[in-house]
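First comes the structure, then the notes that go with it.
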Amino acid sequence: MAAANQPLDASIPPDEIAERRWGELIIEGVIRVAGISSIVIIALIFLFLLREGLPAFLDIPLRQLFGTRWYPIEEMFGLLPLLVGSLIVTVGAVAISLPLGLTTAIYLGEIAPPWLREILKPIIEVLAGIPSIVLGFLGWIALAPLIQNLGAPTGLTAFTGSLILAYMSLPTIISIAEDALYAVPKEYRDGALAIGATQWQAIWRVVLPAARPGLMIAVMLGIGRAIGETMAVMMVTGNAANIPSLGSGIFFQPVRTMTATIAAEMGEVAQGSLHYSTLFAIGIVLFLISFAINALAGRLVGVEGLRRSRGGML
Amino acid sequence: MTDPLIAVRNLYLTYADETEALRNVSLDIHRNQVFVLFGPSRAGKSTLLRLFNRLSDLIEGTQRRGEVLLAGRDIFAPEVNVSALRRRVSMVFAVPTPLPGSIYANITYGLKLAGVRSEEELGRRVERSLRQAALWDEVKDRLESSAFALSGGQKQRLCIARSLALEPEVILLDNPTSGLDPISTATVEESLYELKARYTIVMVPHSVQQAARVADNAAFLLDGELIESGPAARMFVHPQDKRTEDYITGRFG
């Protein structure tokens, strides 16, 4: 190595070489600190959550903590209604946004003529920038009466929240999924078409499998957006901390999500009280859920990526 | 001589940006031979090749005049089923394009689209096409492993096998050895000698040398025009047009 570098270095005075090495070291150092700092920050956030929320796990019997009754005034802290509320709203949102988002992405990436795509894509990306509180308003004023007219006892239901959330996560899903489709080499499509596949067959059998890791990420980020959203959901889900009764009407009852509970009650609790630390405990649960979603996404993409790179890419 | 399998009649093709890719091209391609389209870049070779199975349909805004006849029938007639045409006139690209999935699935995919259902028939065709593409001995013990795990040369022969499995009449090869090392190139070229007994092969070669090695008949294209065509033995030894001679002897290109 050193011998090979000599002719190059010979033309540069030794001082300057030392200077360049320092420059390299400093830049490397800065980049390393920047990279590590995000890990440190996440670790600190989690530690902070733990410190504030741990008393709830220690002082409230687990049976009560995961019980069905959330009445903080009566010292009853059952998280189950909130968990179920978040779950129902999120599942509903994903059930709406996933098929809609993926088919839109397929249309944009594979079927739409270029000029239409040039118009649609920026518009969809603008949707991502609408403040969630505005969507909450929209849901409250426009959507809720509509749903009440459908026969629900009130317009402020889990389904209303799901609709708003689906709308909010659509731009994320579409944008990332479309990028994933776009990254599939044109040769794959040609290869399938050249042996007699129709356009739809080529999309289904070749383009979608090839884009799978990217599509997975799109789905996971969409779910993450749905489960973490607070304001809009708080406005339209009715905020009743009840476990909805099972049956066909499960989506048409008021619920309260974990995020909405924290936002609504944080201002009223005494710092250090049991109620206070229970709200942080909810934060810990949320943190763990989003961590699990990310880990799952990483695993799915990781396995797929490995399979793909075995023996070298194309 | 018998009727040509592919007949090109006064073909013009203009792209959306008004560039003329092909100008008044006419030629005949007969059965069971290797027909080579050669010439410098932007001569229109690949454009012509892609017209033969209408992959050119995918480019928007092209304008075409003239005819391409396959066994006497116009391939651009409105009643033509494009998928069926592409099974009769199959194509292998410069970059090997295995599909996501196993080696076995790569070959059976096109067959299943064509309506072959019986597992026995599928297995038989997989073996036969892999043998024809000189790949069988290398992969027979790992048909279920991913096609991406193959080497570049193997991937390309897999793509050839995938086309052969459909039992097409014509195989279009668009510079099939561009990414391959000399040994893999030789393997692919050798397989052409055996394939032309059963199929008609139209090929855009990697180089003039390759053209001379594999061609039975050849056509020289330059800037979208057909300069001359004829038996390879004459074309590469006594070309009639000065431009052909200059290109073959390396004076330009």
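Residue numbers (my numbering), protein chains in the order written: chain A, 1 to 314; chain B, 315 to 567.
Glycine included, each C-beta is placed from N, C-alpha and C at the ideal position.
Across the structure, residue 149 of chain A and residue 225 of chain A are spaced so that their CA atoms are roughly 29 angstroms apart. In the three-state reduction of the DSSP assignment, residue 371 of chain B falls in the helix class. Nearest to residue 187 of chain A by alpha-carbon distance, out of B:437, B:406, B:416, B:326, is B:406.
Only buried fits residue 339 of chain B, as 16 or more other CB atoms lie within 10 angstroms of its CB. If you draw a straight line from the Cα of residue 56 of chain A to the Cα of residue 292 of chain A, it comes to about 22 angstroms.
For residue 119 of chain A, the nearest beta carbon of chain B is not closer than 7 angstroms to its own beta carbon. Contacts with chain A at 7 angstroms (Cβ-Cβ) include residue 427 of chain B. Any Cβ of chain A closer than 7 angstroms to the Cβ of residue 401 of chain B would place that residue at the interface, and such an atom is present. Secondary-structure assignment with DSSP links residue 343 of chain B through a beta bridge to B:320. The beta carbons of residue 562 of chain B and residue 522 of chain B sit closer together than 7 angstroms. For residue 319 of chain B, the closest alpha carbon among the candidates B:480, B:464, B:333, B:345 is that of B:345. For the stretch 193-221 of chain A, residues whose beta-carbon sits nearer than 7 angstroms to a beta-carbon of chain B comprise 193, 194, 195, 196, 197, 198, 201, 205, 206, 209, 210. Among the residues facing chain A, residue 517 of chain B is not included, as its CB has no counterpart in that chain under 7 angstroms away.
A Cβ of chain A is located within less than 7 angstroms of the beta carbon of residue 424 of chain B. Within the stretch 355-388 of chain B, the residues whose Cβ lies closer than 8 angstroms to any Cβ of chain A are, in chain order, 367, 369, 372, 374. Collapsing the DSSP output to three states places residue 393 of chain B in coil. Contact check for residue 279 of chain A against residue 262 of chain A passes: the beta carbons are separated by less than 7 angstroms. A distance below 7 angstroms between beta-carbons, with the five flanking residues on each side excluded, links residue 555 of chain B to the following residues of its chain, in chain order: 541, 542. Within its own chain, the residues whose Cβ lies closer than 7 angstroms to the Cβ of residue 109 of chain A, once the five positions on either side in sequence are excluded, are 178, 181, 182, listed in chain order. Boundaries of the alpha helix (DSSP H) around residue 26 of chain A: 14-59. When DSSP states are grouped into helix, strand and coil, residue 159 of chain A belongs to the helix group. Between residue 513 of chain B and residue 485 of chain B a beta carbon distance of about 5 angstroms is seen, short of the 8 angstroms cut, so the two are scored as contacting. Shown in chain order are the members of the stretch 404-423 of chain B whose Cβ falls below 8 angstroms from a Cβ of chain A: 404, 405, 406, 407, 409, 410, 411, 412, 413, 414, 415, 423.
At a cut-off of 7 angstroms between C-beta atoms, residue 187 of chain A counts as an interface residue with respect to chain B. At a cut-off of 7 angstroms between beta carbons, residue 397 of chain B contacts chain A. If you draw a straight line from the Cα of residue 239 of chain A to the Cα of residue 100 of chain A, it comes to about 27 angstroms. Beta-carbon to beta-carbon, residue 139 of chain A and residue 251 of chain A are separated by about 15 angstroms, too far to satisfy the 8 angstroms threshold. Listed along chain A, no residue sits closer than 7 angstroms to residue 337 of chain B by beta-carbon distance, the nearest being about 25 angstroms off. Shown in chain order are the members of the stretch 88-113 of chain A whose Cβ falls below 9 angstroms from a Cβ of chain B: 113. Rounded to the nearest whole angstrom, the C-alpha separation of residue 78 of chain A and residue 59 of chain A is 13 angstroms. Distance from residue 193 of chain A to residue 400 of chain B at the Cβ level is roughly 7 angstroms; contact confirmed, criterion being Cβ atoms closer than 8 angstroms.
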